[in-house]
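What follows is a short report on a single structure.
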Amino acid sequence: MHKFDTITFETAHSIGVLTLNRPEFHNAMNQKCLSECTAVLELIKNDDAIRVVIIKGAGEKAFTAGADLHEFAAYGPTEARKANEAWLGFFNAIEALPKPVIAQVRGHAPGGGTELSLCCDFVICSTDAKFRLAEINIGVIPGAGAGVRLTRWMGRLKAKEILMLGDVISGEDAVLCGLANECVSVDSLDDKVQELADKLTKKPPLALAAAKSVVNVASEYPIEVALEQQLEEFLKLFSSEDQKEGMNAFLEKREANFKGR
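As numbered in the working numbering, residues 349 to 609 make up the sequence shown, in order.
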């Protein structure tokens, strides 16, 4: 196990598990936590043995309460900009990571907790999950991209509803509105996330990275740019060993052995 102050990070069977470990503060993320999380993502990016990442919170009460308001309350615009750059750096690193990232959401996930889940590739939550973007109630708006991501993925009306009302969104409703892939019982959350992670480790890593890149570009750029990106990713895979292995395994009716090259 790697040693950190505000998080834990473990690896097993090609899966990296990043746990936000400040349960006494509902796993609220201060600047040190953001720095450690970003450092872990760099470690993961450079470790070919890790194929899938799970992000979760310690304890039973919260995924993460988001930003630590003990820090933010005293900020002016200059300090807020600097702090927000750390959040953006962490979220951008998740989206740029060429490996699937699963958010395992149990309990409260307000503010930055919901923003964090929006950056992940899969979101599996429990029935006690509570998503919320309630920054409006303390005189601000989400600062790390939630307004943009919600609008692009859900449309203007739903994005404005979530941002302007600041209401709690249950796990079940999160699935219905596209904030989560699946909502399961608290008792089955660990198993469901592990099942998904195990399934992803068996997929070809290069193709997973290409699929992630294509979808991210499609949600951010004009269709002409996105289609060109998809073609480039598609053609690039035909120079990989995994493509040859995958197609040969299909023709030979056997299980493929993907190596990420």
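Glycine included, C-beta positions come from ideal geometry on N, C-alpha and C.
Taking the C-alpha atoms as reference points, what is the distance between residue i and residue j?
i      : j      : result
ILE486 : LYS547 : 41 Å
CYS531 : ILE450 : 13 Å
ARG602 : LYS508 : 49 Å
PRO371 : VAL562 : 36 Å
CYS473 : TRP501 : 19 Å
THR359 : THR412 : 21 Å
THR426 : ALA528 : 34 Å
ALA400 : VAL365 : Strictly speaking, residue 400 in this sequence is Val, with Ala absent from that position. C-alpha separation (whole angstroms): 9 Å.
GLY519 : LYS404 : 15 Å
TYR423 : GLU576 : 43 Å
PRO448 : ALA557 : 8 Å
GLY551 : PHE357 : Note on identity: in this sequence residue 551 is Lys, with Gly being the wrong assignment. One C-alpha to the other measures close to 23 Å.
ILE392 : HIS361 : 14 Å
THR475 : GLN452 : 12 Å
Around the C-beta of residue i, are 16 or more other C-beta atoms found within 10 angstroms, so that it is buried, or is it exposed?
i      : result
ASP590 : buried
LEU513 : exposed
ALA431 : buried
LYS540 : buried
SER567 : exposed
SER536 : exposed
GLY503 : exposed
LEU554 : buried
LEU599 : exposed
LEU382 : buried
ALA421 : exposed
SER465 : buried
LEU389 : buried
ILE517 : buried
GLY320 : This structure gives no information on residue 320, because the portion of the chain shown stretches from 349 to 609.
ARG429 : exposed
Can you give me the Cβ contacts of residue i inside the same chain, cut-off strictly under 7 Å, excluding the 5 residues immediately before and after it?
i      : result
ALA406 : THR367, LEU368, ASN369, PRO371, ASN375
CYS467 : PHE439, ILE442, GLU443
ASP416 : PHE373, ALA376, MET377, ASN378
VAL522 : Checking the sequence shown, residue 522 turns out to be Ala, not Val. For ALA522, where only same-chain residues beyond five positions count, the Cβ hits under 7 Å are CYS473, ALA477, PHE479, ALA528, CYS531.
THR499 : ALA507
SER588 : LEU554, ARG609
ILE484 : LEU511, MET512, GLY514
LYS380 : ASP353, THR354
VAL534 : ARG454, SER474, THR475, ASP476
When you compare the CB positions of residue i and residue j, do they come within less than 8 Å of one another, or not?
i      : j      : result
GLY437 : GLU463 : no
ILE402 : ALA545 : yes
ALA446 : LYS560 : Per the sequence shown, residue 446 should be read as Pro rather than Ala. Yes, they are a contact pair.
CYS385 : ILE355 : yes
GLY495 : TRP435 : no
Give every residue of the same chain whose Cβ lies closer than 6 Å to the Cβ of residue i, excluding the five residues on either side of it in the sequence, and list them in chain order.
i      : result
PHE470 : ILE450, ASN529
THR549 : SER362, ARG399, VAL400
So, for residue i: in the same chain, excluding its five sequence neighbours on each side, which residues have a beta-carbon less than 8 Å away from its beta-carbon?
i      : result
ASN564 : GLU443
GLU419 : ASN378, GLN379, ALA431
Taking 7 Å as the line, does the beta carbon of residue i fall inside it for any heavy atom of the ligand HEM?
i      : result
ALA441 : For the structure depicted, the ligand HEM is absent and the ligand set is empty, with no information on it obtainable.
Can at least three beta-carbon pairs, one atom from the region 454-463 and one from the region 473-488, be found at a separation below 8 Å?
yes
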